[in-house]
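So the sequence shown is numbered by this note's numbering: it starts at 8 and just counts up by one. Note that beta-carbon positions come from the ideal geometry of N, C-alpha and C, so glycine has one too. Scroll down for the structure; my scribbles are underneath it.
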Amino acid sequence: MSANRKSIARVKLAELKEQTKSGEPVWNGNLDVIKDVQVKIQISLGEAELSIAELMGLQEHSVVALDRDASHVVDLVLDGNIVGRGNLVVVGDNFGIELTEISNS
Numbered sequence: 008m009s010a011n012r013k014s015i016a017r018v019k020l021a022e023l024k025e026q027t028k029s030g031e032p033v034w035n036g037n038l039d040v041i042k043d044v045q046v047k048i049q050i051s052l053g054e055a056e057l058s059i060a061e062l063m064g065l066q067e068h069s070v071v072a073l074d075r076d077a078s079h080v081v082d083l084v085l086d087g088n089i090v091g092r093g094n095l096v097v098v099g100d101n102f103g104i105e106l107t108e109i110s111n112s
């Protein structure tokens, strides 16, 4: 076998026997365990459906109409799931969301 070829071998794994649990649970309802974990949220203003021809025809100053009117609330999205809704606001030089609804699930 040359030095450049890697050998492949089958591995036989032993079945893990169920063991009795001991110690403290990782999650015990204490948010201190996860409070510093960073998550990315998205704010969804709406959606639009375009044909490929329409998409390819977009130019500077083109307008794409969304499926919501301007007064409709925006969605707060976490991992593809809507977790809240609110109104779009301006905060200094940035956009923000004023939450009006938060999901319980």
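The Cβ atoms of Gly53 and Arg17 do not sit closer than 7 Å to each other. Under the DSSP assignment, Leu62 falls outside any beta strand (DSSP E), being part of the alpha helix (DSSP H) whose first and last residues are Ile59 to Met63. Bridge pairing for Leu106: Gly93 [DSSP]. When secondary structure is reduced to three states using DSSP, Asp82 falls in the strand class. A residue is called buried once 16 or more other Cβ atoms fall within 10 Å of its Cβ, and Asp39, having fewer, is exposed. Per DSSP, the continuous beta strand (DSSP E) segment holding Ser51 begins and ends at Ile48 to Ser51.
Between Ile109 and Gly91, the C-beta gap is smaller than 7 Å, which places the two residues in contact. The stretch 94-107 makes contact with the stretch 79-86, as at least three CB pairs between them are under 8 Å.
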